[in-house]
Amino acid sequence: MPATDSARRDGDGLLTASLFVRSLSPEGARVEQESVIDRLQALRGRGILADVSLTIWGSRLRPTSAHRTETGGEILDTIDRLEAWADRQEPPRSLCFDSRTVRSTITGEHETELVLPLICLAVSEGDHLRCVAPWREGEVVHTVTDCLDAISDPTAIEAHPPTEDVDPLLQ
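Numbered per the numbering used here, the sequence shown spans residues 2 to 172.
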């Protein structure tokens, strides 16, 4: 979706959103995913977002095999960059990417598997990442809806202040 001149500028650039959704999600999750997509499109229509991208991913990803494909490698690189950004925040943020050890039924070997969230949103302003959701702060989970609420209300966006870090999605 191309940028528009009416898109809101906050600080140093236009706001853009990258949405990642899990394929073959349960019915309730699909409803939430579609609602978020509709809301992002509405924010773009109102000029709050200049651009929205959508990436479909699976429920799990094994890094050892994912790097064998271009798409798998791109998803792993994106996750690494988002997590590096979250680690540099004050206080550091814990993104909702889980990992677990699984045993291959074919080889019997153990390997790490990433469990991807049903939905993940990264909002950038110019070259800076502004918000990634979902993320944890202690027992509190900051959701995609929280992030959308923040960008919908210019006074609330300071809940996700920008850093001086370059947006990992643009690297």
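Note that the Cβ used here is the ideal one computed from N, Cα and C, for glycine as well.
Tell me whether residue i is buried or exposed, calling it buried when 16 or more other Cβ atoms sit within 10 Å of its Cβ.
i: residue 79; result: buried
i: residue 6; result: Interpretation of residue 6 is limited by its pLDDT of 34, a score under 50 that renders its predicted location unreliable; the figure taken from the coordinates is listed afterwards. Burial call: exposed.
i: residue 21; result: buried
i: residue 137; result: exposed
i: residue 34; result: buried
i: residue 17; result: buried
For residue i, list the residues DSSP reports as bridge partners.
i: residue 130; result: 125
i: residue 138; result: 141
With a cut-off of 8 Å on the beta carbons, I'd call residue i and residue j a contact; round off their distance for me.
i: residue 37; j: residue 124; result: About 12 Å; that fails the 8 Å criterion.
i: residue 135; j: residue 143; result: 6 Å
i: residue 31; j: residue 60; result: With a Cβ gap of about 13 Å, residue 31 and residue 60 do not count as contacting.
i: residue 117; j: residue 58; result: 5 Å
i: residue 153; j: residue 44; result: 7 Å
i: residue 96; j: residue 83; result: 6 Å
i: residue 132; j: residue 148; result: 4 Å
Margin query: Please give me, in chain order, every unbroken run of the beta strand (DSSP E) with length at least 3 that falls completely inside the stretch 9-66.
Written below: 14-23 and 52-58
Next item on the list: Output the residue ranges of the alpha helix (DSSP H) runs that lie fully inside the stretch 80-120 and measure 4 residues or longer, sorted by chain position.
Entry: none
Margin query: With a threshold of 8 Å, are at least 3 pairs of Cβ atoms found where one atom belongs to the stretch 38-56 and the other to the stretch 81-95?
Written below: no
Checklist line | Stretch-stretch touch, CB-based, cutoff 8 Å, three pairs: the stretch 99-114 with the stretch 58-76 | finding: yes
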